[in-house]
Structure formats: structure tokens, C-alpha cells
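Below you'll find the structure, written out as C-alpha cells, and then a few comments.
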Amino acid sequence: MTGLVLQDDVHLLAVDSPWLRSVAAHFAHAAPAATRTDGIRLKDRLHLSLAYGFDPAAAGALGGLAKEWVGEWADPSAPASWQIRLYHRTAGAEWIVRESLDVETRQV
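In this note's numbering, the protein residues as written are 116 to 223.
Below, the structure is given as C-alpha cells:
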């Protein structure tokens, strides 16, 4: 984890992990789908979303909660248990979890 990012419309925890980038790249290369019209978009910046789509007036209060919550457990040197999820976006812009994989505890 590289830091807490607090903006008017999104709060997230930035992650820098070559291992996670490698997992994503390998999956994107090895996951053909006859029904997919667009390629899999690899993210430039990995992150854990804490809050998004909220009223900008709530940014301060939510930011305070994020700082309190993250401050309790966000030690960048600590091992972490990860779960990789594959989502599908429907025509109605709803996200559905297609697959979920628990990854062994490792430092990323």
C-alpha cells in the first residue's frame, strides 16, 4: 500500500504490487471470451476502493473515517490476505461477481 487518496468524489487506498499487476496481465492474456467485444482493461493504478459516488459535501466526514479505519491496519510491510474477483458489467451498467479466488497470504 502506498497511501490513502482522498478526493471530492472518491476515497481509495493506493496499492503498488508488481505481483498483482502480473496476475492481472496473465489473466487478461489467457482469458478469451466469445461474448466480450472489448479487451480486458488493465488498470494503470491499482487501488482498494473505500468510498465512491458520494455527495462531495460528505467528503470530509468520509475522509476522517477512512483515515481512522486505514490507520488501524494499514501497515505497508504487513502480510495481507487477498481475494481476486472477476466482475462482469451488464448492459444496464450493473457489476456482477463472476469468479472469486482467495489468494494465499503473502506480502505484495
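Don't be surprised by glycine CBs; every beta carbon is placed ideally from N, CA and C.
In the DSSP output, which residue or residues are listed as bridge partners for residue i?
i, result
"Leu161", "Val130"
"His203", "Ile211"
"Val218", "Trp197"
"Val125", "Tyr167"
In angstroms with no decimal places, state the Cα-to-Cα distance between residue i and residue j.
i, j, result
"Trp134", "Leu161", "11 Å"
"Tyr167", "Trp210", "15 Å"
"Pro171", "Asp124", "6 Å"
"Leu157", "Ala139", "7 Å"
"Gly179", "Pro147", "42 Å"
"Ser137", "Ile199", "13 Å"
"Thr205", "His144", "22 Å"
"Thr117", "Asp131", "6 Å"
"Val218", "Phe169", "30 Å"
Quick test of your reading: residue i and residue j, contact by CB under 8 Å. State the CB separation rounded to the nearest angstrom.
i, j, result
"Ala181", "Leu165", "5 Å"
"Leu128", "Leu119", "6 Å"
"Gly201", "Glu214", "Here residue 201 turns out to be Leu, not Gly, going by the sequence shown. The pair is a contact, with the Cβ atoms about 4 Å apart (cut-off 8 Å)."
With residue i as the anchor, note down where its beta strand (DSSP E) starts and where it stops.
i, result
"Gly168", "Counting along the chain, Gly168 falls outside any beta strand (DSSP E), and DSSP gives it neither H nor E."
"Gly118", "118-121"
Does the beta carbon of residue i come closer than 9 Å to any beta carbon on chain B?
i, result
"His126", "Protein chains in the displayed structure number just one, and chain B is not present."
Is residue i a contact residue of the ligand MG, with contact defined as CB to any heavy atom under 8 Å?
i, result
"Pro133", "The model depicted lacks the ligand MG and carries no ligand whatsoever."
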